[in-house]
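*Asks:*
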Ligand SMILES: Nc1ncnc2c1ncn2[C@@H]1O[C@H](COP(=O)(O)OP(=O)(O)OP(=O)(O)O)[C@@H](O)[C@H]1O
Ligand SMILES: [Mg+2]
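Protein chains in written order, with the numbering used here: chain A, -14 to 184; chain B, 23 to 396.
1) Return helix, strand or coil for residue 150(B), following the three-state DSSP convention.
2) So what's residue 140(A) in DSSP terms, helix, strand or just coil?
3) Locate the alpha helix (DSSP H) running through residue 272(B), then write down its first and last residues.
4) Excluding the 5 residues preceding and the 5 following residue 73(A) in the sequence, name in chain order all residues of the same chain whose CB lies nearer than 7 Å to its CB.
5) Using a cut-off of 7 Å between C-beta atoms, extract the partners of residue 85(A) located in chain B.
6) Compare the beta carbon distance of residue 66(A) and residue 125(A) with 7 Å and say whether it is the shorter of the two.
7) Please report how far the alpha carbon of residue 63(B) lies from the alpha carbon of residue 221(B), in whole angstroms.
8) Taking 6 Å as the limit between beta carbons, can you name the residues of its chain near residue 340(B), skipping five residues before and five after?
9) Output needed in chain order: residues of the region 95 to 120 of chain A with a Cβ under 8 Å from some Cβ in chain B.
10) Quick one: is the Cβ of residue 361(B) within less than 6 Å of any heavy atom of ligand 1?
11) Check whether the Cβ of residue 88(A) lies closer than 7 Å to any Cβ atom in chain B.
12) For chain B, find out if any of its Cβ atoms is closer than 7 Å to the Cβ of residue 93(A); answer yes or no.
13) Residue 36(A): which of 64(A), 23(A), 14(A) sits nearest, CA to CA?
14) What are the complete beta strand (DSSP E) segments, minimum 3 residues, inside the region 113 to 184 of chain B?
15) Examine chain A for any beta-carbon lying closer than 7 Å to the beta-carbon of residue 101(B), and answer yes or no.
16) How would you write the range of the alpha helix (DSSP H) that residue 209(B) sits in, first residue to last?
17) Tell me the DSSP secondary structure of residue 396(B) in three-state form.
18) For my contact list, residue 245(B) and residue 237(B) are in at a C-beta cut-off of 8 Å; report their separation, rounded to the angstrom.
19) List the residues that DSSP assigns as beta-bridge partners of residue 86(B).
20) Would you kindly report the start and end of the unbroken alpha helix (DSSP H) that includes residue 351(B)?
21) Quick one: using the 10 Å Cβ neighbour count with 16 as the cut-off for buried, is residue 179(B) buried or exposed?
22) Please identify the residue among 144(A), 133(A), 162(A), 174(A) whose C-alpha is closest to the C-alpha of residue 42(A).
23) Pairing CB atoms from the region 61 to 75 of chain B with CB atoms from the region 151 to 159 of chain B, are three or more of them under 8 Å?
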């Protein structure tokens, strides 16, 4: 039996780093799609297209660019996580009620002030639920990292498969499941608090 | 002073504003009114450049607003929209302080403003400042909407049907508050409505628009006296003098505070009550509350012996009318009959009220001029 703690920690770090990058890029893309309406279709189409690539193929392509190791799996997860965040940011921004946008403009807010003081705060609950979806997805996809030489809980699972050891497989899989459930639970709770005043 | 010079606006082929020219003087309460789609909102939004004209110019105090930075222009003009548009992510205090903060007022300056404004509308700071808009009633929200527009003391305030969605009582209350504020703070207010009653109540000048043009621009009194055309006349509806008579019914013109006594009451007791009510006649009712007749103080003095029951003195000379009669028919009757009043009966012959000359005059006056005249 191997010590799981380092694998769990590394798995978490990979997922969180990827989500962090994805949040930044995703929100920026969502804002661009909102501000420049003609870019909305291409941006959404791109993020959707990325998701349709099978994970194995995507990782193989990225491996050519980034080589073996954690960088490649982080890049892959970042791309996968993009869609829910971009889509929810864009949807959240366009669904801020017209009256509130009108009021913000009428009060004399500049475009940036409108975005940061009114539109993003109101869109944030939806953005956050996009982030939640991304994190939960990434936790399970990150297991694939072992195929391109990355760390995380993929390794014990892979070892288990090779040695046909079910207990070994489960010892890697169960922590992934627990983390996914835990994140889902915690982030859903935060989500509910966020939507409290957004009426 | 706001000046529109030959302002036009179209969307595609649809002409929304057609060569509009007018002037609004400083400190005036101007109400834009007209049928839906006539261009009121468009006109209003041009003043703070939320919409820009295709041609023509708009000046505020002699400065062409197209030469001004739109963001700065808007900060110097208050704006209240129909849907209220409070920012749900901000507290009441933060909402009110939006423009002062945009103008970089320090906290020591905007805090007292918020407090003062909340007091102005009787919403104590401690109780309300830290609530979110979703925790307020519709009327309170709209109050905050108005305060938000006033916070940076703009000389001009634009209001687009601010009270349209409110119940009549709250609306009345807010109308009075706004009028009071306008007078006190000497604001120029441009106010959009499609409710003539509201326009008559608030306006110094009414601008009546139709199909992107000004049909008439006049004081409320002038507009009532000389409506420019049929559309204006129709809008004035029941507020008009002459013209069609307003649809008033007896129940609209009666007084309901009346002295009713049972048949069996002793005359002395009855006189006592009439004294207390300061009336000189009473309505006598049967046991089942239906109308029996009237008795005047005179009747009692003439034939009343102490200890007699009031029922024995009833005269049935006083005319009775149904509460659902047209007021106009009753009007003539009241003027020609020797009686000073008519008894108004419900369908089941119980007494609903009295039409007196005073109650009639009051009701007609109110129908003509809107508010109660004191
Ligand atoms: N962005 C737009 N695109 C096309 N047409 C528009 C636009 N905004 C307004 N209109 C049209 O311009 C006309 C005037 O609109 P406006 O909002 O000024 O009317 P209004 O007098 O305020 O009416 P209401 O009493 O219904 O609010 C309407 O016929 C409307 O359909
Ligand atoms: Mg309108």
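Glycine included, C-beta positions come from ideal geometry on N, C-alpha and C.
*Replies:* The structure says:
1) Under the three-state reduction of DSSP, residue 150(B) is assigned to helix.
2) Of the three classes helix, strand and coil, the one that applies to residue 140(A) here is helix, per DSSP.
3) Following the DSSP letters along the chain, one finds residue 272(B) inside the alpha helix (DSSP H) bounded by residues 272 to 275.
4) Close CB contacts of residue 73(A) within its chain, under the 7 Å cut and outside five residues either way in sequence, are with 111, 112, 114, 115 (chain order).
5) Those within 7 Å of residue 85(A) in chain B are 107, 109.
6) Contact annotation: residue 66(A) and residue 125(A) have beta-carbon atoms that are not nearer than 7 Å.
7) Their Cα atoms are separated by approximately 15 Å.
8) So the qualifying residues of the chain are 316, 361, 365.
9) Those would be 95, 98, 102, 103, 106, 107, in chain order.
10) Within 6 Å of the C-beta of residue 361(B) there is not a single heavy atom belonging to ligand 1.
11) Cβ-Cβ to chain B under 7 Å: yes for residue 88(A).
12) Interface residue, yes.
13) Out of 64(A), 23(A), 14(A), 64(A) has the C-alpha closest to the C-alpha of residue 36(A).
14) Runs found: 178 to 182.
15) For residue 101(B), the answer is yes, since a Cβ of chain A falls inside 7 Å of its Cβ.
16) Under the DSSP assignment, residue 209(B) falls outside any alpha helix (DSSP H); it carries neither an H nor an E label.
17) Its pLDDT being 46, under 50, residue 396(B) is placed unreliably by the model, and nothing is read from it.
18) Residue 245(B) to residue 237(B), Cβ: 10 Å. No contact.
19) 81(B), per the DSSP bridge assignment.
20) Looking at the DSSP string, the run of the alpha helix (DSSP H) that includes residue 351(B) is 349 to 358.
21) Residue 179(B) counts as buried, since no fewer than 16 other beta carbons sit within 10 angstroms of its beta carbon.
22) For the residues 144(A), 133(A), 162(A), 174(A), the minimum Cα distance to residue 42(A) belongs to 133(A).
23) In short, these stretches do not touch, since the Cβ pair count stays below three.
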